[in-house]
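As numbered in the numbering used here, residues 66 to 195 make up the sequence shown, in order. Using N, Cα and C, we set each Cβ at its ideal position, and we do this for glycine too. Please read all numbers here as calculations on a predicted model, not as lab measurements.
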Amino acid sequence: AEDEPSVLLSGATRASRGATLGYLAIVAGHLRLLVVHAQSDDVGAGFTASLAAVEVALAVEAAIFALGAVGRSRGLPLLTVAGRVRLLGAAMAWPWLLPWGAELSCRCGALRPSLGATLLKLSFTIASLV
Numbered sequence: 066a067e068d069e070p071s072v073l074l075s076g077a078t079r080a081s082r083g084a085t086l087g088y089l090a091i092v093a094g095h096l097r098l099l100v101v102h103a104q105s106d107d108v109g110a111g112f113t114a115s116l117a118a119v120e121v122a123l124a125v126e127a128a129i130f131a132l133g134a135v136g137r138s139r140g141l142p143l144l145t146v147a148g149r150v151r152l153l154g155a156a157m158a159w160p161w162l163l164p165w166g167a168e169l170s171c172r173c174g175a176l177r178p179s180l181g182a183t184l185l186k187l188s189f190t191i192a193s194l195v
C-alpha cells in the first residue's frame with residue numbers, strides 16, 4: 066500500500082493546480098468585494114450586511130474547494146467537517162439575499178415604497194428564521 070501513488074477522492078492522481086489557483090483567486094475576490102462594500106458609506110449598513118453574509122459564504126466555499134486539493138486519506142476527516150460547515154453556511158447565508166433583493170427593488174424604483182417596506186420586513190423575518 067505504501068508503494069501505490071496517492072489518489073484524490075475524485076479518483077485523480079493529483080489535483081489540478083489551475084483549479085486550486087482559480088479557487089484561491091475566487092476567495093481573494095470575494096474578500097476584496099467584502100472590504101469594498103464595508104468601506105462604502107453611502108449604501109447603508111443593512112443593505113451591505115445582508116449581501117456580506119452571502120459573500121462570506123461564497124469565500125468559505127471556494128476556500129474549502131481549494132483545500133480539496135489536499136484531500137488524501139490523512140486530511141479526509143478535516144475535509145469532511147469543512148464540507149459540512151460549507152453546506153450549513155451556504156444554507157444559512159443564501160436567504161439573506163431576500164432582504165437585499167427587496168431593498169434593491171425599492172432603491173431602483175421597481176416597487177412602491179409601501180410595498181417595498183413590507184417585502185423588506187417579510188424577507189428579513191424569513192432570513193432571520195432560517
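Query raised in the report: Rounded to whole angstroms, how far is the Cβ of Ala192 from the Cβ of Leu163, which I believe are closer than 8 Å?
Result: To locate residue 192, count along the sequence shown from 1; it is residue 127. To locate residue 163, count along the sequence shown from 1; it is residue 98. The pair is a contact, with the Cβ atoms about 5 Å apart (cut-off 8 Å).
Query raised in the report: Does DSSP classify Cys171 as helix, strand or coil?
Result: Counted from its first residue, the sequence shown places residue 171 at position 106. Residue state, collapsed to three classes: helix.
Query raised in the report: Buried or exposed: Ser188, going by 16 or more other Cβ atoms within 10 Å of its Cβ?
Result: Reading the sequence shown from its first residue, position 123 is the one you call residue 188. Answer is buried; the Cβ neighbour count reaches 16.
Query raised in the report: So Arg151 and Val125 are in contact, right, with Cβ under 8 Å, and what is the actual spacing, rounded?
Result: Along the sequence shown, read from residue 1 onward, the residue named residue 151 stands at position 86. Along the sequence shown, read from residue 1 onward, the residue named residue 125 stands at position 60. Contact flag correct, Cβ pair sits at about 6 Å.
Report task. Could you check how far apart the C-beta atoms of Leu144 and Leu132 are, in whole angstroms? I think they sit under 8 Å. Result -> Indexing the sequence shown from 1 puts residue 144 at position 79. Indexing the sequence shown from 1 puts residue 132 at position 67. Right, their Cβ atoms sit about 7 Å apart.
Query - Beta-carbon spacing of Pro165, Phe112 below 8 Å - result: As a working mapping, residue 165 is identified with position 100 in the sequence shown. As a working mapping, residue 112 is identified with position 47 in the sequence shown. In the sequence under discussion, the amino acid at residue 165 is Trp, which differs from the Pro named in the question. Cβ distance < 8 Å, so Trp165 and Phe112 count as in contact.
Query raised in the report: Can you give the Cα-Cα distance for Ala66 and Val146, rounded to whole angstroms?
Result: Taking the sequence shown and counting its residues from 1, one reaches residue 66 at position 1. Taking the sequence shown and counting its residues from 1, one reaches residue 146 at position 81. Residue confidence is low: Ala66 scores 47 on pLDDT, short of 50, so the model does not pin down where it sits. Its coordinate-derived value is still stated next. For Ala66 and Val146, the distance between alpha carbons rounds to 26 Å.
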